[in-house]
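Chemist: To convert a position in the sequence shown, counted from 1, into the numbering used here, add 378.
Glycine is no exception: its CB is placed at the ideal position from the N, C-alpha and C atoms.
All values derive from a computational prediction rather than experimental measurement.
Mind having a look at this structure? Questions to follow.
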Amino acid sequence: MGQAHQRGLELFGEGRFQEAIGCFEECLRQAETSEVWNDWATAQFASGRVPQAREGLKRALQLDPQNHQAVENLRVLAALGASPQESSGESQQRVLGRNLLVTRFLQDIQAIPGQDPSLHPSVIEAIRKTRLDSGYFVEKCLERLARVPLEAFPQALAVLERGAQTDYRLSIVLGCYYMLAEDYETALRHLRAACDDSALDLFAESALIACSRRQAAKTGAVCEFEGIEAYLAGSFCDIPWRRLEIYDWGQAALCCLGWLPVVVGDPRKQPLDEIWNSAFAIQIRKSILDGSFRFCSKIHCQRIVARTLRRRAGATSRSGKSTPTPAAMRSIEVNPAEFSARVPRGPEELRLCYDKTCNLACPQCRKGFYVATHEEQECMARDYFPFILRAAQHVGTLGLDGAGEVFASKHSRHLFSLLKRDQFPQLKFWLISNGQLLNERAFRDLDLYGRVQGIEISMDAARPETYRIVRRGGDFQRLLSNLAFLDDLRSSSAERFRFGLRFVVSNMNFREMPEFVQLGRKFHVDVIYFYMIRNWGHCSRIEFERLNVANPCHPEHQDFLRVLESPQLSDPIVHCGDVAAYRRPQGKRDD
Numbered sequence: 379m380g381q382a383h384q385r386g387l388e389l390f391g392e393g394r395f396q397e398a399i400g401c402f403e404e405c406l407r408q409a410e411t412s413e414v415w416n417d418w419a420t421a422q423f424a425s426g427r428v429p430q431a432r433e434g435l436k437r438a439l440q441l442d443p444q445n446h447q448a449v450e451n452l453r454v455l456a457a458l459g460a461s462p463q464e465s466s467g468e469s470q471q472r473v474l475g476r477n478l479l480v481t482r483f484l485q486d487i488q489a490i491p492g493q494d495p496s497l498h499p500s501v502i503e504a505i506r507k508t509r510l511d512s513g514y515f516v517e518k519c520l521e522r523l524a525r526v527p528l529e530a531f532p533q534a535l536a537v538l539e540r541g542a543q544t545d546y547r548l549s550i551v552l553g554c555y556y557m558l559a560e561d562y563e564t565a566l567r568h569l570r571a572a573c574d575d576s577a578l579d580l581f582a583e584s585a586l587i588a589c590s591r592r593q594a595a596k597t598g599a600v601c602e603f604e605g606i607e608a609y610l611a612g613s614f615c616d617i618p619w620r621r622l623e624i625y626d627w628g629q630a631a632l633c634c635l636g637w638l639p640v641v642v643g644d645p646r647k648q649p650l651d652e653i654w655n656s657a658f659a660i661q662i663r664k665s666i667l668d669g670s671f672r673f674c675s676k677i678h679c680q681r682i683v684a685r686t687l688r689r690r691a692g693a694t695s696r697s698g699k700s701t702p703t704p705a706a707m708r709s710i711e712v713n714p715a716e717f718s719a720r721v722p723r724g725p726e727e728l729r730l731c732y733d734k735t736c737n738l739a740c741p742q743c744r745k746g747f748y749v750a751t752h753e754e755q756e757c758m759a760r761d762y763f764p765f766i767l768r769a770a771q772h773v774g775t776l777g778l779d780g781a782g783e784v785f786a787s788k789h790s791r792h793l794f795s796l797l798k799r800d801q802f803p804q805l806k807f808w809l810i811s812n813g814q815l816l817n818e819r820a821f822r823d824l825d826l827y828g829r830v831q832g833i834e835i836s837m838d839a840a841r842p843e844t845y846r847i848v849r850r851g852g853d854f855q856r857l858l859s860n861l862a863f864l865d866d867l868r869s870s871s872a873e874r875f876r877f878g879l880r881f882v883v884s885n886m887n888f889r890e891m892p893e894f895v896q897l898g899r900k901f902h903v904d905v906i907y908f909y910m911i912r913n914w915g916h917c918s919r920i921e922f923e924r925l926n927v928a929n930p931c932h933p934e935h936q937d938f939l940r941v942l943e944s945p946q947l948s949d950p951i952v953h954c955g956d957v958a959a960y961r962r963p964q965g966k967r968d969d
């Protein structure tokens with residue numbers, strides 16, 4: 379049916395309407411679709427058969443009431459009320475012809491593969507899992523857009539605008555088109571929307587960076603990405619040499635998937651050694667050794683955006699001169715020559731981020747409450763426990779939980795019961811929690827005394843009224859009580875774990891950032907992390923646009939920038955991460 383349909387479209391484009399009708403009828407005999415009925419009706423109208431065209435469009439809408447082209451064509455016919463041979467009819471006929479050209483364009487882009495079919499199947503699967511690279515699709519879509527006849531071009535752009543609401547890749551297509559047309563403001567709007575919709579697509583962010591630079595060059599403004607290549611060439615990150623993270627659906631990564639969106643293996647099917655030195659793991663390490671960081675997100679990685687990566691020994695600036703290094707920083711300089719892309723020893727740290735069970739329903743994270751069922755818990759235990767218990771014999775740190783709430787999860791509590799102190803004497807825990815259940819009883823029941831390396835509490839608020847909104851289901855006073863317990867634990871006993879607080883910034887809470895630093899000081903925390911809100915697929919584009927105060931188009935963006943000038947945010951314990959991009963003084967350049 380596909381070949382007959384395509385041939386019918388080609389015949390219509392050549393003005394051979396009757397032959398096109400024959401091809402469309404052949405398709406309809408095999409299977410009725412709204413799309414083909416619309417094309418059949420358009421060809422009937424072009425042949426002067428208005429009643430047949432009207433009936434065909436009605437049938438198209440019976441099969442799919444959301445067929446926008448059929449709706450538009452039927453509207454044209456209703457307004458026509460005359461033969462297509464008349465002058466007014468000729469104008470309407472051209473409208474129908476344009477509609478068919480746009481339909482053909484849509485069919486063409488729908489047939490484009492998501493990834494380059496010439497790639498190795500394992501590479502295609504890795505890209506598909508994380509939506510790492512939409513470059514092939516965007517390139518082919520732009521080629522097809524360039525072939526759309528001029529009279530149908532505005533309508534083709536309008537169709538892409540509608541489609542971009544549900545397919546972020548079409549936002550990239552529009553962004554690239556407007557960038558080529560040097561309409562950088564419109565291009566950036568589309569590219570920001572694409573990056574917001576898919577936080578893992580490296581092609582989308584590369585297009586955003588390129589467009590930001592072109593706009594800056596045109597307007598004379600400062601580009602936030604200025605000097606990023608030189609900075610990375612003189613920097614180093616050792617995380618892929620020491621950490622392995624496990625996500626749901628069996629995805630293993632060498633860093634946070636939101637910062638380095640490449641899957642290196644599947645712990646449900648592969649042993650640790652095979653994953654740790656897989657082909658993708660080696661490629662990632664090579665990209666850091668050569669200073670390109672080509673698999674890392676330049677707009678989401680907290681260390682890259684804040685420019686806090688470790689420096690390469692002897693790194694030079696863009697001027698070619700040696701970069702001066704403060705005495706306090708010399709100890710963290712790294713010589714990449716000491717690192718190999720293949721790592722003979724296993725990871726030092728294993729982080730578990732696959733159980734989404736949580737006792738809260740925070741709007742910046744999820745749509746509602748979620749607790750894994752008994753069957754799901756059994757499945758997770760079967761899939762992951764053998765891998766974790768083998769790895770725990772060698773790793774020094776086990777991190778929980780980047781996906782849900784460790785102390786609300788029966789699965790995690792079961793895991794703690796298996797990781798007995800006498801069997802894993804070297805093992806320390808790094809815990810990310812909302813703090814609601816992290817009290818003295820939890821420490822005692824899970825045998826955590828002396829075994830905790832670090833605790834980070836996600837709060838996102840400094841006031842109880844805000845906390846009720848951003849941490850739905852939580853009790854602010856209970857949280858403060860548990861923070862006091864952790865503070866006392868460190869000050870009155872031998873517990874020396876690193877203590878931190880987390881704050882996801884949105885329009886709901888950004889004004890409380892300075893107060894949050896003061897709250898952290900009250901509980902003597904070691905570090906405070908600020909993160910910009912991300913869309914993990916849990917909210918619509920419209921909803922995320924309302925939440926994302928970092929967007930220059932947000933009505934409260936200027937208020938957000940003023941809050942970032944607060945002196946509290948310059949406190950040494952504050953790590954601004956990707957918020958740092960909005961705090962750099964105007965005109966500053968990084969060497």
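Report yes if the C-beta distance between Val640 and Cys740 is below 8 Å; otherwise report no.
Modeler: Here the question's residue 640 lines up with position 262 in the sequence shown. Here the question's residue 740 lines up with position 362 in the sequence shown. Not in contact: Val640 and Cys740 (Cβ atoms no closer than 8 Å).
Chemist: Mind checking who Thr775 pairs with in its DSSP beta bridge?
Modeler: Within the sequence shown, numbered from 1, the residue matching residue 775 stands at position 397. Paired residues: Glu727 and Lys806.
Chemist: Provide the residue span of the alpha helix (DSSP H) that contains Tyr960, from first to last.
Modeler: In the sequence shown, residue 960 corresponds to position 582, counting from 1. Run containing Tyr960: none; DSSP gives neither H nor E here.
Chemist: Within a Cβ cutoff of 6 Å, which residues of the same chain sit near Arg729, ignoring the five residues on either side of it in sequence?
Modeler: Translated into the one-based positions of the sequence shown, residue 729 becomes position 351. Taken in chain order, the residues that qualify are Glu623 and Gly777.
Chemist: With 16 other CB atoms within 10 Å as the buried threshold, where does Ala631 fall?
Modeler: Within the sequence shown, residue 631 is the residue found at index 253, counting from 1. Ala631 should be labelled buried.
Chemist: Roughly how many angstroms separate the alpha carbons of Asp579 and Ala585, rounded to a whole number?
Modeler: Within the sequence shown, the letter at position 201 stands for residue 579. Within the sequence shown, the letter at position 207 stands for residue 585. Each residue's Cα considered, the two are about 10 Å apart.
Chemist: May I ask you to report which of helix, strand or coil DSSP gives Cys757?
Modeler: Taking the first residue of the sequence shown as position 1, residue 757 is located at position 379. Helix at Cys757.
Chemist: Using the three-state DSSP reduction, which class does Phe881 fall into: helix, strand or coil?
Modeler: Position 503 of the sequence shown, counting from 1, holds the residue named residue 881. Here Phe881 sits in strand by DSSP.
Chemist: Does DSSP classify Ser836 as helix, strand or coil?
Modeler: Within the sequence shown, numbered from 1, the residue matching residue 836 stands at position 458. Correct three-state label for Ser836: strand.
Chemist: Does Ser859 pass the burial test, meaning 16 or more other C-beta atoms within 10 Å, or should it be called exposed?
Modeler: Position 481 of the sequence shown, counted from the start, is the residue given in the question as residue 859. Answer is exposed; the Cβ neighbour count stays below 16.
Chemist: Indicate the three-state DSSP secondary structure (helix, strand or coil) for Gln946 in the structure shown.
Modeler: Indexing the sequence shown from 1 puts residue 946 at position 568. Correct three-state label for Gln946: helix.
Chemist: Flag this pair as touching only if the region 869-879 and the region 838-852 have three or more C-beta atom pairs under 8 Å; answer yes or no.
Modeler: No: fewer than three Cβ pairs fall under 8 Å.
Chemist: Considering only residues of the region 618-669, which uninterrupted beta strand (DSSP E) runs meet the minimum length of 3 residues and lie entirely inside it, listed in chain order?
Modeler: Those beta strand (DSSP E) runs which fall completely within the region 618-669 and span 3+ residues are 621-625 and 629-631.
Chemist: What's the gap between the Cα of Leu452 and the Cα of Glu388?
Modeler: For the purposes of this step, residue 452 is identified with residue 74 of the sequence shown, where counting begins at 1. For the purposes of this step, residue 388 is identified with residue 10 of the sequence shown, where counting begins at 1. Their Cα atoms are separated by approximately 23 Å.
Chemist: Give me the residue from Ala599, Ala594 and Phe603 with the minimum Cα distance to Glu583.
Modeler: Start at 1 with the first residue of the sequence shown, and residue 583 comes out as number 205. Among Ala599, Ala594 and Phe603, the Cα nearest to that of Glu583 belongs to Phe603.
Chemist: Could you tell me the alpha carbon to alpha carbon distance between Ile487 and Glu404, rounded to whole angstroms?
Modeler: For this step, residue 487 is matched to residue 109 along the sequence shown. For this step, residue 404 is matched to residue 26 along the sequence shown. Going by the C-alpha atoms only, they are around 23 Å apart.
Chemist: Closest by CA to Arg570, which one among Cys589, Leu638, Gly828 and Ala559?
Modeler: For the purposes of this step, residue 570 is identified with residue 192 of the sequence shown, where counting begins at 1. When each option's Cα is compared against that of Arg570, the closest is Cys589.
Chemist: What is the DSSP secondary structure of His935, reduced to helix, strand or coil?
Modeler: Start at 1 with the first residue of the sequence shown, and residue 935 comes out as number 557. Note: His935 maps to helix in three-state DSSP.
Chemist: Sorted by chain position, which residues of the same chain lie with C-beta nearer than 7 Å to Gly955's C-beta, five sequence neighbours on each side aside?
Modeler: Residue 955 sits at position 577 when you count from the first residue of the sequence shown. If we look at Gly955 and ignore the five residues flanking it on each side, its Cβ neighbours are Gln680, Val683, Ala684, Tyr907, Phe908 and Tyr909.
Chemist: Between which residues of its own chain and Thr439 is the CB-CB distance below 8 Å, once the five residues before and five after are set aside?
Modeler: For the purposes of this step, residue 439 is taken as residue 61 along the sequence shown, with counting starting at 1. A quick correction: the sequence has Leu, not Thr, at residue 439. The answer, listed in chain order, is Ser412, Asn445, Ala448, Val449 and Leu452.
Chemist: Nearest by alpha-carbon distance to Ile550: which of Arg819, Gln533, Asp574 and Cys736 is it?
Modeler: Numbered from its first residue, the sequence shown carries residue 550 at position 172. The shortest Cα separation from Ile550 among Arg819, Gln533, Asp574 and Cys736 belongs to Asp574.
Chemist: Check each candidate in Val516, Val830, Ala840 and Glu563 and name the one with the smallest Cα separation from Cys931.
Modeler: Taking the first residue of the sequence shown as position 1, residue 931 is located at position 553. Checked all of Val516, Val830, Ala840 and Glu563; the closest Cα to Cys931 is Glu563.
Chemist: Are the CB atoms of Val952 and Arg889 within a distance shorter than 8 Å?
Modeler: Translated into positions along the sequence shown, residue 889 becomes position 511. Translated into positions along the sequence shown, residue 952 becomes position 574. Not a contact, by the Cβ cut-off of 8 Å.
Chemist: Relative to the alpha-carbon of Lys676, which residue among Gln742, Glu727, Gly605 and Arg663 has its alpha-carbon at the smallest distance?
Modeler: Locating residue 676 in the sequence shown gives position 298, counting from the first residue. Nearest C-alpha to Lys676: Gly605.
Chemist: Are there three or more Cβ pairs, one per stretch, closer than 8 Å when the region 802-811 is compared with the region 824-837?
Modeler: Output reads yes: the region 824-837 touches the region 802-811.
Chemist: How long is the line joining the alpha carbons of Gly636 and Asp417, rounded to whole angstroms?
Modeler: Indexing the sequence shown from 1 puts residue 636 at position 258. Indexing the sequence shown from 1 puts residue 417 at position 39. So the two alpha carbons sit approximately 43 Å from each other.
Chemist: Residues in the same chain with beta-carbon distance under 6 Å from Leu667, minus the five sequence neighbours each way, listed in chain order, please.
Modeler: Within the sequence shown, residue 667 is the residue found at index 289, counting from 1. The answer, listed in chain order, is Pro714.
Chemist: At a cut-off of 7 Å, would you count Ala419 as near the ligand MG, judging by its Cβ distance to the nearest heavy atom?
Modeler: This structure lacks the ligand MG, and indeed carries no ligand of any kind.
Chemist: For Lys699, which of helix, strand or coil comes out of DSSP?
Modeler: Taking the first residue of the sequence shown as 1, we reach residue 699 at position 321. Only weak support is given to the placement of Lys699: the predicted model assigns it a pLDDT of 40, under 50, and the value that follows is read from those uncertain coordinates. Coil.
Chemist: Which residues does DSSP pair with Val905 in a beta bridge?
Modeler: Numbered from 1 along the sequence shown, position 527 holds the residue referred to as residue 905. Partner(s): Gly878.
Chemist: Please report how far the alpha carbon of Asp494 lies from the alpha carbon of Arg912, in whole angstroms.
Modeler: Here residue 494 is taken as the residue at index 116 of the sequence shown, counted from 1. Here residue 912 is taken as the residue at index 534 of the sequence shown, counted from 1. Straight-line Cα distance between these residues: approximately 28 Å.
Chemist: Cα separation between Phe347 and Arg437?
Modeler: Nothing can be reported for residue 347, as the shown portion of the chain is limited to 379 through 969.
Chemist: DSSP three-state call for Arg690: helix, strand or coil?
Modeler: Indexing the sequence shown from 1 puts residue 690 at position 312. It is a strand residue.
Chemist: Along the chain, where does the alpha helix (DSSP H) containing Arg849 start, and where does it finish?
Modeler: Indexing the sequence shown from 1 puts residue 849 at position 471. Element bounds for Arg849: n/a, residue is neither H nor E.
Chemist: In whole angstroms, what separates the C-alpha of Leu552 from that of Gly612?
Modeler: As a first step, residue 552 must be located in the sequence shown, where it is residue number 174. As a first step, residue 612 must be located in the sequence shown, where it is residue number 234. Roughly 34 Å between the two C-alpha positions.
Chemist: Report yes if the C-beta distance between Gln814 and Gly852 is below 8 Å; otherwise report no.
Modeler: Sequence index remark: in the sequence shown, residue 814 carries index 436 (1-based). Sequence index remark: in the sequence shown, residue 852 carries index 474 (1-based). A contact, by the Cβ cut-off of 8 Å.
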